[in-house]
Amino acid sequence: MDYKRRLIDDILDETIPGLAAIAIEGAKAVGKTATASRRAATVLSLNDPRQRASVAGNYDLVTELDIPVFIDEWQLEPQVWERVRQAVDEDPTGGRFLLAGSAGLASGVRIHSGAGRIVNLTLRPMALAERGVEHPSVSLRSLMHGGATISGSTVLATRDYVDEILRSGFPGIRDLKPEDRDRQLDGYLAHIVDRDMPDNGMMVRHPGIVRAWLRAYAAATASTANYTKILNAATPGQPEKPAQNTVNTYREHLRRLFVLDPVEAWAPSFSKLNSLTYTPKHHLVDPALAARLAGVGAEGLLVGGGDTITPDVGTWLGALFESLAVLSVRVYAEAMNARIGHLRTKNGDHEVDIIVEGADSRCIAIEVKLSDTIDDHDVKHLNWLGGKLGPRLVDRLVLHTGPRAYRRADGVAVVPLALMGP
4 MDYKRRLIDD
14 ILDETIPGLA
24 AIAIEGAKAV
34 GKTATASRRA
44 ATVLSLNDPR
54 QRASVAGNYD
64 LVTELDIPVF
74 IDEWQLEPQV
84 WERVRQAVDE
94 DPTGGRFLLA
104 GSAGLASGVR
114 IHSGAGRIVN
124 LTLRPMALAE
134 RGVEHPSVSL
144 RSLMHGGATI
154 SGSTVLATRD
164 YVDEILRSGF
174 PGIRDLKPED
184 RDRQLDGYLA
194 HIVDRDMPDN
204 GMMVRHPGIV
214 RAWLRAYAAA
224 TASTANYTKI
234 LNAATPGQPE
244 KPAQNTVNTY
254 REHLRRLFVL
264 DPVEAWAPSF
274 SKLNSLTYTP
284 KHHLVDPALA
294 ARLAGVGAEG
304 LLVGGGDTIT
314 PDVGTWLGAL
324 FESLAVLSVR
334 VYAEAMNARI
344 GHLRTKNGDH
354 EVDIIVEGAD
364 SRCIAIEVKL
374 SDTIDDHDVK
384 HLNWLGGKLG
394 PRLVDRLVLH
404 TGPRAYRRAD
414 GVAVVPLALM
424 GP
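195 is the number that our numbering gives to position 192 of the sequence shown; each next residue is one higher, with no gaps.
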């Protein structure tokens with residue numbers, strides 16, 4: 004399979020010469036190994052029992068090989084991290100180590116954080132702009148600078164976005180035949196519960212409950228449903244439910260495996276907005292996983308199939324479209340060292356799907372609409388926020404499924420998701 008260049012490649016090209024150690028984190032199958040291997044003189048794969056045994060028997064080995072040394076799945080031998088950190092202390096020359104991991108540390112393992120020595124980057128499934136389905140004409144970076152020109156058109160419509168949701172952003176899965184892709188996604192989900200969680204310190208006594216909880220979490224995509232509601236949806240009619248601390252442990256491990264990728268509530272760093280909620284919005288790392296957990300295909304999504312936990316989310320397809328938009332915008336934002344969040348007032352009067360905040364506290368507010376037309380109702384929350392934040396809100400944007408990008412008379416940019424890029 005030909006390698007498709009990712010946005011993280013640009014970051015690595017810029018940072019490897021000056022940084023001694025970089026750790027690429029992310030869920031399994033997002034492409035960490037392919038991305039890092041292309042830059043390595045030596046590869047140590049700790050998935051290989053022989054290489055893992057060699058490293059475990061001599062941690063100094065990682066400092067004795069040709070650089071850059073790429074250590075794949077480093078978390079399987081956690082003391083490797085500590086040895087790399089020490090090596091950077093001894094010699095901070097750039098371009099020495101690349102590490103990749105698909106999980107945080109197992110419970111009970113204590114090592115130094117690596118802060119100041121090892122720089123962490125997150126690799127997610129491919130954003131739309133990385134997939135090559137369309138040439139983006141609107142740049143998130145240019146929007147953040149202010150005064151961006153909004154133009155361009157696309158032939159992509161709702162059915163095409165459905166196809167992209169189901170194909171997924173996992174490089175090794177998206178180009179398979181639909182039936183093979185479904186088998187791979189099923190296997191991916193099964194492996195999480197049966198192998199990945201136990202391998203990373205979580206004893207799963209009731210795998211069926213974890214799978215049911217994951218299905219309920221998928222049904223809560225793009226919502227702020229509380230975890231009690233998710234648990235009740237996972238165990239309907241069961242008087243004896245798992246203890247809350249058990250479910251919390253499931254959730255913690257699934258986040259550590261990068262399977263859950265929620266959007267945290269946005270807390271303004273420069274001013275206070277009254278009565279905001281601080282509940283995250285739920286998202287899996289790839290909306291294809293959510294769709295597969297629900298067992299809904301393209302035709303089912305198009306006719307409104309699939310269940311959501313909360314009625315305020317709207318249709319199941321709308322939730323998955325928002326999740327696809329969140330994945331893409333998050334990748335673009337991180338490429339320019341920005342963060343994202345969502346905004347919702349406690350009484351539910353106002354909410355904005357995505358807030359992108361740059362390092363200088365300037366913001367972009369984004370709504371996501373499963374619609375090919377946008378009216379005044381669709382932009383009311385954006386305009387409300389503009390009145391609250393003033394010039395710090397440098398642009399307001401609606402991502403939708405329509406054919407063209409333009410700017411409304413009130414200044415709100417309307418952009419097809421496929422035309423949004425980094």
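Think of the CB as a built atom: it goes at the ideal place given N, C-alpha and C, for glycine as much as any other residue.
Residue from the options with nearest C-alpha to residue i
| i | options | result |
| --- | --- | --- |
| Gly-34 | Arg-9, Lys-349 and Pro-181 | Arg-9 |
| Ala-130 | Glu-337, Pro-181, Gly-21 and Lys-349 | Glu-337 |
| Val-332 | Val-58, Gly-21 and Met-147 | Met-147 |
| Pro-2 | Gly-390, Ser-154 and Ile-212 | Absent from the structure is residue 2, since the part of the chain shown begins at 4 and ends at 425. |
| Glu-167 | Pro-128, Leu-143 and Asp-197 | Pro-128 |
| Arg-342 | Tyr-6, Val-207, Ala-368 and Ile-212 | Ala-368 |
| Leu-327 | Val-401, Val-288, Gly-149 and Leu-47 | Val-288 |
| Leu-422 | Asn-235, His-209 and Tyr-164 | Tyr-164 |
| Gly-321 | Ile-233, Leu-304 and Ile-212 | Leu-304 |
| Asp-381 | Gly-60, Ala-37 and Leu-400 | Leu-400 |
| Pro-20 | Asp-92, Ala-43 and Ala-412 | Ala-43 |
| Gly-389 | Ala-30, Val-46, Leu-346 and Ile-14 | Leu-346 |
| Ser-272 | Thr-227, Arg-365 and Val-417 | Arg-365 |
| Gly-211 | Tyr-409, Asp-13 and Ala-237 | Ala-237 |
| Asp-373 | Pro-239, Ala-160, Phe-100 and Leu-68 | For clarity, residue 373 is Leu in the given sequence; the question names Asp instead. Taking only the C-alpha atoms, the option nearest Leu-373 is Ala-160. |
| Ala-32 | Ile-195, Ala-90, Ala-59 and Tyr-62 | Ile-195 |
| His-208 | Pro-245, Thr-66, Asp-51 and Gly-351 | Strictly speaking, residue 208 in this sequence is Arg, with His absent from that position. With distances taken between Cα atoms, Arg-208 lies closest to Pro-245. |
| Arg-190 | Arg-53, Gly-60, Leu-292 and Arg-410 | Checking the displayed sequence, the identity of residue 190 turns out to be Gly instead of Arg. Residue Leu-292 is the option with its Cα nearest to Gly-190. |
| Leu-79 | Asp-92, Asn-61, Thr-96 and Pro-52 | Pro-52 |
| Pro-139 | Ala-412, Glu-182 and Ala-408 | Ala-408 |
| Thr-157 | Ala-151, Val-141 and Gly-172 | Val-141 |
Distance CB(residue i)-CB(residue j) smaller than 9 Å
| i | j | result |
| --- | --- | --- |
| Arg-170 | Arg-177 | yes |
| Arg-120 | Val-83 | no |
| Gly-175 | Trp-269 | no |
| Pro-22 | Val-122 | Checking the sequence, you will find Leu at residue 22 rather than Pro. Yes, these two residues count as a Cβ contact at 9 Å. |
| Ala-290 | Leu-257 | Strictly speaking, residue 290 in this sequence is Pro, with Ala absent from that position. Contact: no. |
| Ser-463 | Asp-185 | For residue 463 there is no data in the structure shown, the boundaries of the chain being 4 and 425. |
| Val-415 | Asn-386 | yes |
| Ile-25 | Leu-124 | yes |
| Val-397 | Gly-149 | yes |
| Glu-325 | Val-371 | yes |
| Ala-193 | Leu-323 | no |
| Leu-279 | Lys-383 | no |
| Leu-234 | Ala-221 | no |
| Val-262 | Leu-217 | yes |
| Asp-75 | Ala-30 | no |
| Ile-377 | Val-417 | yes |
| Val-72 | Leu-101 | yes |
| Ile-27 | Ala-103 | yes |
| Leu-68 | Thr-45 | yes |
| Thr-66 | Ala-90 | yes |
| Tyr-253 | Val-306 | no |
8 Å Cβ shell around residue i - same chain, five flanking residues per side excluded
| i | result |
| --- | --- |
| Asn-251 | Tyr-230 |
| Gly-111 | Confidence at Gly-111 is low in this model, with a pLDDT of 41, below 50, so its placement is unreliable and the value that follows should be read with caution. Correct list, in chain order: Gly-204. |
Other residues of its chain near residue i: CB distance less than 6 Å, five sequence neighbours each side excluded
| i | result |
| --- | --- |
| Glu-255 | none |
| Ala-109 | Here the model assigns Ala-109 a pLDDT of 46, short of 50, so the residue's position is not dependable, and the following value carries that caveat. Contacts found: Asn-203 and Gly-204. |
| Lys-7 | none |
| Leu-420 | Ala-328 and Leu-402 |
| Asp-94 | none |
| Glu-267 | Pro-283 and Gly-344 |
| Ala-375 | Here residue 375 is Asp; the residue named in the question, Ala, does not match the sequence. Closer than 6 Å at the Cβ level, and outside the excluded window around Asp-375, lie Thr-404 and Gly-405. |
Beta bridge counterpart(s) of residue i as assigned by DSSP
| i | result |
| --- | --- |
| Ile-358 | Gly-344 and Ala-368 |
| Met-423 | Val-141 |
| Leu-279 | Thr-348 |
| Tyr-409 | Val-417 |
| Ser-48 | Asp-75 |
| Ala-459 | With the chain covering only 4 through 425, there is no way to say anything about residue 459. |
| Val-401 | Glu-370 and Val-417 |
| Ile-176 | Note: Ile-176 sits in no beta bridge, so no partner. |
| Ser-156 | Arg-407 |
| Ile-121 | Ala-24 |
| Leu-385 | Answer is none; Leu-385 lacks a bridge partner. |
| Leu-287 | Leu-263 |
| Leu-396 | Cys-366 |
Contacting residues, own chain, Cβ-Cβ under 7 Å from residue i (five flanking each side not counted)
| i | result |
| --- | --- |
| Pro-265 | Pro-283, Lys-284, His-285 and His-286 |
| Arg-144 | Met-339 and Pro-425 |
| Ser-57 | Leu-64 |
| Leu-276 | Lys-391 |
| Arg-113 | Because Arg-113 sits at a pLDDT of 42, beneath the cut-off of 50, its placement in the model cannot be relied upon, and the following sentence gives the value as read from the coordinates. Hits under 7 Å: none found. |
beta-carbon residue i near the ligand FMN non-hydrogen atom, thresh 8 Å
| i | result |
| --- | --- |
| Arg-254 | Absence of the ligand FMN from the depicted structure is noted, as is the absence of any ligand whatsoever, leaving it without description. |
Please specify which runs of the alpha helix (DSSP H), each continuous and at least 4 residues long, are wholly inside the segment 18-44, giving them in chain order. Listed in chain order, they are 35-40.
Fully enclosed by the segment 231-285, which alpha helix (DSSP H) runs are 4 residues long or longer? 247-259
Completely contained alpha helix (DSSP H) runs for the segment 289-338, where each covers 4 or more residues: 290-297, 301-305 and 319-338
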